[in-house]
Amino acid sequence: MPNREHVDPDWKGLEKPVFAGGELTGYSASGTGDSLLLPLPLLQEYVDPAIRYEEESKSVILSTDSSLLYMQEDSTSASLNNEPLQLRLAPEEKDGVTYLPADTLEDLYGFDIEEDTGTGAVLLMTAGETVPLGKVKGKEGGRTKALRTEASVHAPIVADMQPGAIVKIWKSDTDGWLYVQVSSGYTGYVKTDDIIPDGTKTVVQQPAVPTRAERSWKGKAVNMYWEAVYERKPDPSKFAELPGVNVASPTWFRIVDVEGNVRSQADSAYVEWAHGQGMEVWGLLSNSFEADLTTEALSTYDRRMNTIVQMLKYADLYNLDGINIDFENVYTKDGPNVTQFMRELKPMAQSRNLIVSIDVTPKSNSEMWSKFLDRRALGAVSDFLIVMAYDEHWAASPVAGSVASLPWVNSSISRIIEEDDVPAEKLILGVPLYTRIWTETTEKGETKVSSKAVSMNAVKEILAEKKLTPVFDKAAGQNYVEYKEEDVLRKIWIEDKVSLAARVELAQSFGLGGIAAWNRSFGNTEAWEALQAIIK
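FYI, in our numbering the residues of the sequence shown are 1117 to 1652.
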């Protein structure tokens, strides 16, 4: 015999239980109607895990591709893309939990809320979510259909559903039963034969507006160089030809204090020259490679926004086409703040049609060099990730070796694509135009190693002067030479047209977004002729 016992659901008595996907979330909302507030932990779990709360200022920061929303508890004064925004309802804190106004978040994220005034249940569906609908069989006023706790006629009844009532079908036919939810929030099992399919409910997801990177660079490869700017301004009139180059990134900007202020060495004449050559200019912003300064400068929204606003003003003043972020020597604990900086920069820059890129290292266990970088998250909030695939053997390496052997570069790229799910077209391969002359000496049977970085032309001069003939090092994928000088052994893994052509070929084999060369002053005509193959 079918069970006729009626039971209340576990959540009966909760003030405003929230459901998602037909399941009780364990969170409760606050308020009702136009005054509905949703708890921050719910939103972080079901809508956007990147929503950020900063305890000291009691502030909440929410970002999408095109919007950056900043709110503070107990204040209706907010900002959207750093412009003042008046909220109808202020965020508030209750029992240690921050609650945010549902109407504001619906506009930002496009989710859907249904609220039942009888039970207080709140039903959440996120943008793009679809659920089949059904209608309870029977004539109006006819026999009700039982909604049960389990897929069995022997299970207790949670609710009696009136004929014609609409239900959401969250789990399809299982041995003649459906798992459904009614508008009051009640969930349970009903016989498949008692439900008539009645279409679907879809929460419309607004199509993303194409970024300028997608509009300008789709199907095209970036062929970029960095311009290392120190005390003197580079003079483009003295540059050699740069065939095929379409982006220049001068190291003009750096964060100089804990408040996030930016020092500029930008040069309008350089930008004008580059634009005249058909190049875009992506101004580089560094953290001055100072770890403690970075900790402070990225620690709060106000400080990060101070940096961002200054960079956007410089971009406007100097007619820049993009911003390249180069944060290095960063504590692992500050990695989330680097990611947050990019989340806040991206919508602000996108609204001004600026390309946003960030330089990342290959993956390693190095604390200050690699571990702070969340490449998966950075790939999602940047137009391009530029992989600095060099310094495999760094200046103080205890062992002589290539700056960037081909197998190491290949592994560096494939790991980011495979382990971090960064689309290949978002990755730009950073290549070295320098090499290191390694010096090996032997003292008391122990080999000591030192090195000096030199340009491509410097190596050519050494080869000519000493009448040396390089041999191809298959393991490294590049030419190699060694020679004795003053009772010491010199070793050079050479960057030339052979190694650079191989790097271009590797980038193309992965379908990468392009090439970036460090740096222009180390290169020569041979380099630019080899690298321009990336755009063909």
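Even for Gly, the Cβ is constructed at its ideal location relative to N, Cα and C.
Since the model is a prediction, treat every value here as computed from it, not as a measurement.
Could you tell me the alpha carbon to alpha carbon distance between residue i and residue j, rounded to whole angstroms?
| i | j | result |
| --- | --- | --- |
| A1646 | A1569 | 21 Å |
| S1654 | T1246 | Since the first residue of the chain shown is 1117 and the last is 1652, residue 1654 is not available in this structure. |
| F1588 | G1639 | 21 Å |
| G1147 | V1213 | 14 Å |
| T1242 | E1131 | 22 Å |
| A1540 | A1329 | 14 Å |
| P1272 | G1627 | 58 Å |
| V1283 | K1253 | 11 Å |
| D1442 | N1403 | 7 Å |
| A1431 | G1438 | 8 Å |
| T1318 | P1248 | 9 Å |
| L1221 | A1390 | 42 Å |
| E1121 | G1149 | 34 Å |
| V1372 | E1621 | 39 Å |
| W1485 | M1458 | 18 Å |
| K1354 | R1492 | 40 Å |
| K1174 | E1208 | 10 Å |
| P1478 | S1625 | 18 Å |
| Q1456 | Y1386 | 31 Å |
| Q1278 | G1142 | 28 Å |
| E1602 | E1444 | 37 Å |
| T1192 | Q1202 | 6 Å |
| D1232 | S1300 | 5 Å |
Could you check what DSSP says for residue i in three-state terms: helix, strand or coil?
| i | result |
| --- | --- |
| Q1322 | coil |
| T1265 | coil |
| K1583 | coil |
| A1395 | Checking the sequence, you will find Met at residue 1395 rather than Ala. Reduced to three states, the DSSP call for M1395 is coil. |
| Y1667 | Because residue 1667 is not part of the residues shown, which for the chain are 1117 to 1652, the question remains open. |
| R1120 | coil |
| K1487 | helix |
| Y1169 | strand |
| Q1297 | strand |
| G1304 | strand |
| D1475 | strand |
| W1286 | strand |
| V1446 | coil |
| T1423 | helix |
| R1468 | coil |
| Y1235 | Looking at the sequence shown, residue 1235 is not Tyr but Thr. Three-state result, T1235: coil. |
| V1327 | The sequence shown places Thr at residue 1327, not Val. DSSP places T1327 in coil when its eight states are reduced to three. |
| S1521 | coil |
| A1431 | helix |
| A1271 | coil |
| S1528 | helix |
What are the residues that DSSP puts in a beta bridge with residue i?
| i | result |
| --- | --- |
| M1504 | G1546 |
| E1598 | K1607 |
| Q1202 | S1193 |
| Y1215 | P1155 and E1208 |
| T1316 | P1248 |
| W1333 | Bridge partners of W1333: none, in fact. |
| L1178 | L1185 |
| Y1341 | A1364 and A1633 |
| L1401 | F1369 and I1441 |
| M1241 | D1228 |
| M1277 | K1261 |
| P1133 | S1144 |
| D1589 | Q1594 |
| T1557 | K1564 |
| A1618 | Its beta-bridge partners do not exist; DSSP assigns none. |
| A1085 | Nothing about residue 1085 can be reported from this structure: the residues present for the chain run from 1117 to 1652 only. |
For residue i, which residues of its own chain have a beta-carbon under 6 Å away from its beta-carbon, when the five flanking residues on both sides are left out?
| i | result |
| --- | --- |
| I1502 | S1473, D1475, I1544, G1546 and A1632 |
| I1651 | A1337, N1339 and G1360 |
| L1605 | E1556 |
| S1566 | T1555 |
| D1310 | K1253 and K1261 |
| I1532 | R1491 and V1538 |
Cutting at 8 Å between CB atoms, please list the residues of its own chain near residue i, excluding the five before and the five after it.
| i | result |
| --- | --- |
| G1451 | K1487, F1488, L1489 and D1490 |
| V1519 | Y1506, D1507, E1508, H1509, P1548, Y1550, T1551, R1552, W1609 and E1611 |
| R1091 | Residue 1091 lies beyond the stretch modelled for the chain, which goes from 1117 to 1652, so this question has no answer here. |
| S1571 | L1549, Y1550, S1637, F1638, G1639 and N1640 |
| L1156 | I1167, Y1169, V1176, V1213, T1214, Y1215 and L1216 |
Between residue i and chain D, is any beta-carbon pair separated by less than 7 Å?
| i | result |
| --- | --- |
| V1325 | This model lacks chain D altogether, as it is built from one protein chain only. |
Beta-carbon within less than 7 Å of residue i's beta-carbon, same chain only, minus the 5 sequence neighbours each way: which residues are those?
| i | result |
| --- | --- |
| L1240 | V1134, F1135, A1136, Y1162, F1227 and I1229 |
Any chance the segment 1319–1331 sits against the segment 1339–1355, with 3 or more Cβ pairs inside 8 Å? Contact between the segment 1319–1331 and the segment 1339–1355 is absent, because fewer than three Cβ pairs lie under 8 Å.
Per the contact definition of three or more C-beta pairs closer than 8 Å, is the segment 1121–1138 in contact with the segment 1274–1288? A contact is defined here as three or more CB-CB pairs under 8 Å, and the segment 1274–1288 meets this definition with respect to the segment 1121–1138.
Counting pairs of Cβ atoms below 8 Å between the segment 1493–1500 and the segment 1521–1531, do you hit three or more? The answer is no - the segment 1521–1531 does not touch the segment 1493–1500, with fewer than three Cβ pairs under 8 Å.
Taking three-plus beta-carbon pairs below 8 Å as touching, is the segment 1264–1280 in contact with the segment 1162–1172? No: fewer than three Cβ pairs fall under 8 Å.
Does the segment 1194–1202 come close enough to the segment 1257–1267 that 3 or more CB-CB pairs lie under 8 Å? Result no; under three Cβ-Cβ pairs closer than 8 Å.
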